[in-house]
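Visitor: Next up is a structure, given as structure tokens.
Residue numbers (the working numbering): 1 to 256.
Next up, the structure:
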């Protein structure tokens with residue numbers, strides 16, 4: 001018989017990068033963590049092992065968030081294994097370059113499926129499983145660029161802007177039992193398409209001239225969870241990048 005836990009968090013894209021930091025932080029704070037991954041199997045196993053070695057509770061769950069059926073099965077699988085999900089962190093996303101001129105139905109659909117539709121339907125499933133008498137939290141990882149629009153990464157930006165709108169409307173719809181908030185990171189980790197030099201130029205062009213430590217993202221998660229009067233908000237952690245995409249000394253467009 002599976003152990004039922006009182007505090008269960010599902011973190012999408014939790015095998016690596018920011019998602020792993022969030023998953024490990026939640027486990028340290030006493031949450032049983034569902035470590036979602038798609039293709040990063042080894043990293044997911046490593047994350048679970050790291051949590052368990054620190055006396056935490058974690059289980060890995062594989063799902064392709066672009067697949068409607070796999071999205072539908074994810075929350076029930078977590079509930080069956082760990083218990084009711086009371087904290088959903090929608091962290092997983094795809095980030096591919098396109099513009100108004102180059103975007104295709106394929107690129108549009110790819111971004112919307114993972115970055116917007118999956119968070120919505122996971123939230124819907126969480127609410128259906130949690131019941132009317134239990135409190136819960138949804139935290140969506142968005143992007144500072146929804147406050148700092150540029151002509152780059154069109155499909156990605158639209159999907160994240162939609163997620164920001166969903167954060168606000170669902171905060172209204174799901175109150176008072178479920179709080180829905182967001183975090184908008186700026187330059188935190190170099191993307192797969194960036195050289196270290198380019199990433200350094202990016203954060204050096206922010207007003208504060210620093211990159212965002214992934215631990216700051218988890219600190220924001222902790223703050224949201226510990227602040228019961230907060231809903232429909234986004235904490236923008238970006239060293240001031242959202243204040244203007246063309247900062248003095250920035251010679252290339254932001255790519256993260």
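Just so it is clear, CB atoms sit at the ideal spot from N, CA and C, and this is done for glycine as well.
(1) Quick one: using the 10 Å Cβ neighbour count with 16 as the cut-off for buried, is residue 139 buried or exposed?
(2) For residue 184, does the three-state DSSP call read helix, strand or coil?
(3) Could you give the DSSP three-state label for residue 258: helix, strand or coil?
(4) Within this structure, are the beta carbons of residue 214 and residue 21 separated by less than 8 Å?
(5) Taking Cβ positions, are residue 238 and residue 177 nearer each other than 8 Å?
(6) Helix, strand or coil for residue 89? Go by DSSP, reduced to three states.
(7) Apply the 10 Å Cβ neighbour rule to residue 251 and answer buried if 16 or more other Cβ atoms are within range, or exposed otherwise.
(8) Quick one: using the 10 Å Cβ neighbour count with 16 as the cut-off for buried, is residue 210 buried or exposed?
(9) Taking Cβ to Cβ, would you say residue 201 is nearer than 8 Å to residue 137?
(10) Going by CA-CA distance only, name the one from 89, 151, 54 and 243 that's closest to residue 100.
(11) From this set, 235, 62 and 48, which residue's C-alpha is nearest residue 185's C-alpha?
(12) Buried or exposed, going by whether 16 or more other CB atoms sit within 10 Å of the CB of residue 145?
(13) Please report the distance separating the alpha-carbon of residue 129 from that of residue 216.
(14) With 16 other CB atoms within 10 Å as the buried threshold, where does residue 109 fall?
(15) Considering Cα atoms alone, identify which of 83, 6 and 31 is closest to residue 221.
(16) So, does the segment 83-95 touch the segment 40-57, judging by three or more C-beta pairs under 8 Å?
(17) Within 10 angstroms of the Cβ of residue 119, are there 16 or more other Cβ atoms? Answer buried if so, exposed if not.
(18) Is residue 57 helix, strand or coil by DSSP?
(19) Can you check the segment 3-49 for any beta strand (DSSP E) of at least 3 residues that lies completely inside it and give the ranges in chain order?
(20) Would a C-beta distance cut-off of 8 Å place residue 74 and residue 36 closer than the cut-off?
(21) Just reading off the beta strand (DSSP E) that residue 235 is part of, what are its end residues?
(22) In or out: residue 262 buried (at least 16 other Cβ within 10 Å) or exposed?
(23) Quick check on residue 259: does DSSP put it in helix, strand or coil?
Guide: Working from what's here:
(1) buried
(2) strand
(3) In the structure as shown, the chain starts at 1 and stops at 256, and residue 258 therefore has no counterpart that could be examined.
(4) yes
(5) no
(6) strand
(7) Confidence is the limiting factor: at residue 251 the pLDDT is only 39, short of 50, which leaves the residue's position unreliable, though a coordinate-based value still follows. Exposed is the call here.
(8) exposed
(9) no
(10) 151
(11) 235
(12) buried
(13) 30 Å
(14) exposed
(15) 31
(16) no
(17) buried
(18) strand
(19) 8-11 and 32-37
(20) yes
(21) 234-237
(22) Outside the shown range of the chain, which is 1 to 256, sits residue 262, and nothing can be said about it.
(23) Only positions 1 to 256 of the chain appear in this structure, which leaves residue 259 out of reach.
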